[in-house]
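These notes concern the structure reproduced below.
There are 2 protein chains.
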Amino acid sequence: MTTEIPSDVMTIREMCEAYDVTPRTLRFYEAKELLTPIRVGTKRLFTRRDRARLALILRGKRFGFSLEDIRQTLDLYDRDDGLTAQRKKACELAVKRLAEMEAQRAELDVAIAELKAELADAEAKGLVPKHAA
Amino acid sequence: MTTEIPSDVMTIREMCEAYDVTPRTLRFYEAKELLTPIRVGTKRLFTRRDRARLALILRGKRFGFSLEDIRQTLDLYDRDDGLTAQRKKACELAVKRLAEMEAQRAELDVAIAELKAELADAEAKGLVPKHAA
DNA sequence: CGTCACAGTGACGTTAACGTCAACTGCTCT
DNA sequence: AGAGCAGTTGACGTTAACGTCACTGTGACG
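If you read the sequences in order, they're chains A and B.
For the first sequence, the positions run 1 to 133 when this note's numbering is used.
For the second sequence, the positions run 1001 to 1133 when this note's numbering is used.
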């Protein structure tokens, strides 16, 4: 046996194409302990778990979270085992983040409204040659 | 005459306290041409215009825009004179930014919903000791 | 007149999230 | 054996937005 290598693993190239990231990025994430691909000799093999985590990482990034934030939150999806203490902490973190997000959205709403008003005003003043229908 | 210095100017210290920023920040913004305080000898005097711009800068930053983005948009509020071409460009920029903001808000809405669901799930499973009322 | 506190000017340091080499190491194919 | 290529490991470069010195300059005060 080759030390129990799951059958559905992917090489770094396959990962890059599948998720549209660079090899550098994947290695970087590994260094940051966001991913833990199997090391066969010197090469990396990404498991289903790694792919799930990567998907979550990318989603987190789209929302503007730092990799460090993401790393901590990842455990929320991960460990289905005991360690309720850890889990509780993860949830608290998520709740905090949730509040931050809602605050951010509220601010965005205000900004959007302001900008829209500003544009409408400029148009009304005829300062702008009607930009759209 | 001391070369026409407006009466309602503020020193760097006053600005720092009024807007809760550091001197370094104000000097940095000046270097980036976001602010243009009057230079009396070597000292800086911030005018009403500078204060208005700073307020807009800080608001922009809260929304996650880069200083470069902000610098360009600032002209939208500023020049009430001619130069319609420039003005048009500024408006287009604002419209683009508006779209980005709405997209971002949409993503945030999704993320918020997902997180909420996730938390509710965790609670339902009894994995977490009821974090709030 | 000394010195203090504040202002100002470089200029280098910092964090995040990678990009970009350079220089290997192994395979694999011929 | 040689070529070629994917993959790896450092290690330095990059952008943004300041922080943090170190040092100079200056007006006010006792």
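Just so it is clear, CB atoms sit at the ideal spot from N, CA and C, and this is done for glycine as well.
Model, not experiment: these values are computed from the prediction.
DSSP places residue 45(A) within a strand segment (E or B) once states are collapsed to three. Interface flag for residue 115(A) against chain B is set, since a Cβ pair is found closer than 7 angstroms.
Per DSSP, the unbroken alpha helix (DSSP H) holding residue 25(A) starts and ends at 23-31. Contacts between residue 109(A) and chain B, judged by CB atoms closer than 8 angstroms, involve 1105 in chain order. Counting C-beta pairs with one atom in each stretch, the region 50-69 of chain A and the region 1102-1118 of chain B have three or more that are closer than 8 angstroms, which means they touch. Not a single C-beta of chain B is nearer than 7 angstroms to the C-beta of residue 67(A). Per the C-alpha coordinates, the member of 1040(B), 1073(B), 1026(B) and 1014(B) positioned closest to residue 1096(B) is 1073(B).
In the three-state scheme derived from DSSP, where H, G and I count as helix and E and B as strand, residue 9(A) is classed as coil. Within the region 1040-1072 of chain B, 1059, 1062, 1063 and 1064 place their CB atoms closer than 8 angstroms to a CB of chain A, listed in sequence order.
Interface flag for residue 1038(B) against chain A is unset, since no Cβ pair is found closer than 7 angstroms. The beta carbon of residue 1071(B) lies closer than 8 angstroms to those of 1032, 1033 and 1034 in the same chain, with the five residues before and after it left out. Taking the Cα positions, residue 1021(B) is about 19 angstroms away from residue 1038(B). For the pair residue 36(A) and residue 6(A), the CB atoms are not nearer than the 7 angstroms cut-off. Around the beta carbon of residue 1044(B), 16 or more other beta carbons sit within 10 angstroms, so the residue counts as buried. Going by beta carbons, residue 67(A) and residue 1115(B) fall outside the 7 angstroms limit. A direct Cα-to-Cα measurement between residue 1012(B) and residue 1026(B) gives close to 8 angstroms. Residue pairing for residue 110(A): DSSP places it in no beta bridge.
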